[in-house]
Structures are given as structure tokens and as C-alpha cells.
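Reading through the C-alpha cells given below for one structure.
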Amino acid sequence: MRPGTEPSPIHIPVMVPEVLSYLNVRPDGVYLDGTVGLGGHAKHILSHLNSDGRFVGVDRDARALDICKETIHAFATPISLYNRSYDTIPSLLRSEEIPPVNGILLDLGLSSLQLSSAERGFAYSTDGPLDMRFDPESGVTAESLIQNSTEKELADILYQYGEERHSRRIARYIKKAASMTTISDLLESIRRCTAPAHRQRTLARIFQALRIAVNNELDSLHHFLDTFIDSLAIGGRIVIISYHSLEDRPVKHSFKQFNRDGRLRILTKKPITPSIDEVATNSKARSAKLRAAERII
Ligand SMILES: C[S@@+](CC[C@H](N)C(=O)[O-])C[C@H]1O[C@@H](n2cnc3c(N)ncnc32)[C@H](O)[C@@H]1O
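Quick note: to get this note's numbering, add 1 to the position in the sequence shown (first position is 1).
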């Protein structure tokens, strides 16, 4: 098989019926997917739109956008895809002269493409460089982040973004490693300072922490949450799927704040979680939490 012709990894979109129901897709509406990824949710949204509607997709990962383009090109609805961060949506709509939209979707976290590409360095199950950037063309890799952080700064990252209780010890072992350029270097440091029984969970926390720091994920989310409201039309819906409490908490607080200001009606009093059947067929859905709201003024 020639390089570049490998089949695209399958990404199973999470909670599709719930997403469509909370977005309340109007056939002639304008819908924006701020983490369009491989187009998993996009194709379901597009199947409810007609040629008077419009679909806008945004992602930081250009490779994902290439695959997404292939997935959704046959729909009759006008489609525009942009390689940028979802926290720039307000300026994107202004510069492209797109009026406030009828629905915005954010499905935070990682796609299967990113997890299964060893060279991206997101997964601890495959060796590869310590990269972890959503946009491999810009920003600082996990390797540089570790190299340029003091032991204390690294421990703070592991504690704040991974809620890792043994952050100081783990940071000490990571910093004292002779080499720290690959996933196996990182795994070896963690192996040296953790008990086997706890290792899988520790790995998940450490990888989450480094990924959040490398991509400034929480800054993007906070900035988006502060500014998205004017990008929604009156009656427009926002749906956000998060995968851990550091993402879900600010979403909940932002919706509550806009609700107190009288601008949003919260549609999900408690976060919606996937059904047992969905988790059985797609284990990546197990930690998903969906919150939705509607702009009222
Ligand atoms: C869980 S995947 C989305 C999958 C998509 N819903 C689907 O069904 O194919 C999350 C996506 O968000 C993207 N992403 C992460 N942070 C982003 C940001 N600040 N701006 C835009 N995209 C971002 C990642 O590159 C990844 O493609």
C-alpha cells in the first residue's frame, strides 16, 4: 500500500441521536461543528440539512480536515472547513460574513485518527515521538514542554491537568531520565516510580495532563465559553460533549452564568451520558458528558 493511501481509521461519533435532538437541526439552518475531526457528527448533521442550509466545520488538525472533506463532500448543503481553533469562531464568522448560527457543536478530546497515529504521540499503547499537538504545524511538542519546564512546573502541570496526586515524584523521575524524546522514554520513567496495579490509571492522567498543557486546551475552552454567545442566533442551540471534569466544570459554570443573565435556557439540568448499549459498542464514549443550552436573548 502506498504511503498516504491507508484506509482512514474509523471514528465512532459519540451520542449521535442526543446531539441531533439537542441541536434541533432545521433543514435550512446554519450549523457549526467546532471540533469537526473526521466528520463523524458532521455527516449526521448534514443528513438533516438541505441545500438552503449551511455547514461550517473547524478543527486544529489539518489531516483530520482532509479526511472530513472526503467524508462529507457529496452532500448538497454548502460546506466550509477551516483549520483553526474553535475559540476563534467569533472572528471567523465576522471575517467570513457568516451571520450568527443556529447550532454549535463541540466534541472535545481526541479522534481515533490522533490516537491511532503513532507519530502523533497521543497514545501510550504505541511508541512514537513525544509530540501530542493537535496541530502538528504549530506550537510546542510534549518533548519541548518537558525539557523547558522545571521539575516544579512539570509537577504542577501533572497535578492541575491530570489531578495526579503523586505529581512531584513522577515529575522528578521524568526530569532525571537520561533521554526524554519518545513515548517509551516517558513510559519507562513512569514505570520506575509507580506500582503496577495503579499504572494504567496513572498513565491516563499523565497523558491527559501533558496533552492539555501542550495544546492549551483549557485556555481555548475558557476563551470560547466567554465569547460564543454572540455567535449563536436567538433560538440557536449549543451542544458540548466533554470527557473529564476539567472540561465539564467550566461548561456547566458558563451555561449557568448565561442562564442567570437571562441569555441562555439550559436544556440539560444534569449532563447527559451515553446509554449502556453505546458504551458496550464504543468504549471511548464511557466518560462522555453532554450539556446543551438555547440562546433566548
Ligand atoms: C473527539 S474529536 C471530534 C470527532 C468528531 N466529532 C467526529 O465525530 O469525527 C475532537 C477533535 O477536536 C479537535 N480539537 C481539539 N482542540 C481543538 C481546538 N481548540 N479547536 C479546534 N479543534 C480542536 C481535535 O483535533 C479533534 O479532531
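Glycine included, C-beta positions come from ideal geometry on N, C-alpha and C.
Check your understanding: Would the segment 182–198 and the segment 218–226 be scored as touching if the rule is three or more Cβ pairs under 8 Å?
Key -> Under the Cβ criterion (8 Å, minimum of three pairs), the segment 182–198 does not count as touching the segment 218–226.
**Study point:** N- and C-terminal bounds of the beta strand (DSSP E) containing Phe-135
**Key:** Note, Phe-135: premise wrong, no beta strand (DSSP E); not H, not E.
Review point. For Ile-184, does the count of other Cβ atoms within 10 angstroms reach 16, so buried, or fall short, so exposed?
Key: Classification of Ile-184: buried, given that the 10 Å Cβ count is 16 or more.
Review point. If you draw a straight line from the C-alpha of Thr-151 to the C-alpha of Glu-71, how long is it?
Key: If I take the Cα positions, the gap works out to 43 Å.
Exercise for review: Would you check whether ligand 1 has a heavy atom nearer than 7 Å to the C-beta of Tyr-87?
Suggested key: It does: the Cβ of Tyr-87 is within 7 Å (strictly closer) of some heavy atom of ligand 1.
Exercise for review: Can you give me the Cβ contacts of Leu-204 inside the same chain, cut-off strictly under 8 Å, excluding the 5 residues immediately before and after it?
Suggested key: Excluding residues within five positions, the ones whose Cβ falls inside 8 Å are Tyr-125, Leu-188, Ile-191.
Check your understanding: Under the three-state reduction of DSSP, which class applies to Ala-294: helix, strand or coil?
Key -> In the three-state reduction of the DSSP assignment, Ala-294 falls in the strand class.
Practice item. Have a look at Phe-123 and Thr-269 and give me their C-alpha separation to the nearest angstrom. Key: For the pair Phe-123 and Thr-269, the Cα-to-Cα distance works out to about 31 Å.
Check your understanding: Among residues of its own chain, excluding the 5 on either side of Ile-273, which ones have a beta-carbon nearer than 6 Å to its beta-carbon?
Key -> Result list for Ile-273: Glu-19, Leu-291, in chain order.
Practice item. Say yes only if the C-beta of Val-59 is nearer than 7 Å to one or more non-hydrogen atoms of ligand 1, and no if none qualify. Key: Inclusion of Val-59 in the 7 Å shell around ligand 1 follows from its C-beta lying nearer than that to a non-hydrogen atom of the ligand.
Review point. Cα separation between Met-16 and Leu-39?
Key: Taking the CA atoms as reference points, Met-16 sits about 15 Å from Leu-39.
Point to revise | Local Cβ density within 10 Å of Ile-158, reported as buried at 16 or more and exposed below that | key: Looking at its Cβ environment, which holds 16 or more other Cβ atoms inside 10 Å, Ile-158 is buried.
Check your understanding: Quick one: does the C-beta of Gln-115 sit closer than 7 Å to a heavy atom of ligand 1?
Key -> Correct: Gln-115 has its Cβ closer than 7 Å to ligand 1.
Exercise for review: Kindly indicate the opening and closing residues of the beta strand (DSSP E) around Val-102.
Suggested key: Element bounds for Val-102: 102–108.
Check your understanding: Do the CB positions of Tyr-244 and Gly-30 come within less than 8 Å of each other?
Key -> Going by C-beta atoms, Tyr-244 is not nearer than 8 Å to Gly-30.
Point to revise | Helix, strand or coil at Ala-234 [DSSP, three-state] | key: When DSSP states are grouped into helix, strand and coil, Ala-234 belongs to the strand group.
Point to revise | First and last residue of the uninterrupted beta strand (DSSP E) at Ile-80 | key: Under the DSSP assignment, Ile-80 falls in the beta strand (DSSP E) whose first and last residues are 80–84.
Review point. Expressed to the nearest angstrom, what Euclidean distance is found between the alpha-carbon atoms of Ile-105 and Pro-79?
Key: Each residue's alpha carbon lies about 16 Å from the other.
Check your understanding: From Gly-35 to Glu-218, what distance separates their C-alpha atoms?
Key -> Distance between the alpha carbons of Gly-35 and Glu-218 is about 13 Å.
Review point. Identify the residues that DSSP records as bridge partners of Ser-243: which are they?
Key: Note: Ser-243 sits in a beta bridge opposite Lys-290.
Check your understanding: Whose C-beta lies closer than 7 Å to the C-beta of Pro-251 among residues of the same chain, with five residues either side of it excluded?
Key -> Once the five neighbours on either side are set aside, the close Cβ partners of Pro-251 are Leu-222, His-223, Leu-226.
Review point. In three-state DSSP terms, what is Tyr-32?
Key: Tyr-32 sits in a strand when the DSSP states are folded into three classes.
**Study point:** Nearest residue (CA-CA) to Leu-146, options Arg-206, Val-240, Asn-260, Ala-210
**Key:** From the listed residues Arg-206, Val-240, Asn-260, Ala-210, the smallest Cα separation to Leu-146 is found for Ala-210.
Review point. How about Gly-32 and Val-102: are their beta carbons less than 8 Å apart?
Key: At residue 32 the sequence reads Tyr, which differs from the Gly that was named. Their beta carbons are under 8 Å apart, which means Tyr-32 touches Val-102 by this criterion.
Review point. Thinking C-beta only, is Glu-164 closer than 8 Å to Ser-171?
Key: It should be noted that the sequence gives Ile, not Ser, for residue 171. Taking a C-beta distance under 8 Å as the contact criterion, Ile-171 and Glu-164 do not qualify as a contact pair.
Review point. Helix, strand or coil: how does DSSP classify Arg-166 here?
Key: In this structure, DSSP gives Arg-166 a state outside helix and strand, which the three-state scheme calls coil.
Point to revise | Beta-carbon proximity of Ile-235 to Ile-298, cut-off 8 Å | key: The beta carbons of Ile-235 and Ile-298 sit closer together than 8 Å.
Check your understanding: How big is the Cα-Cα spacing for Gln-258 and Ile-90?
Key -> If you take the alpha carbons of Gln-258 and Ile-90, they lie about 20 Å apart.
**Study point:** Close-in-space but distant-in-sequence residues of the same chain around Arg-27 (CB under 7 Å, 5 per side omitted)
**Key:** Beyond the five residues adjoining it in sequence on each side, Arg-27 comes within less than 7 Å, by CB distance, of Asn-103 in the same chain, given in chain order.
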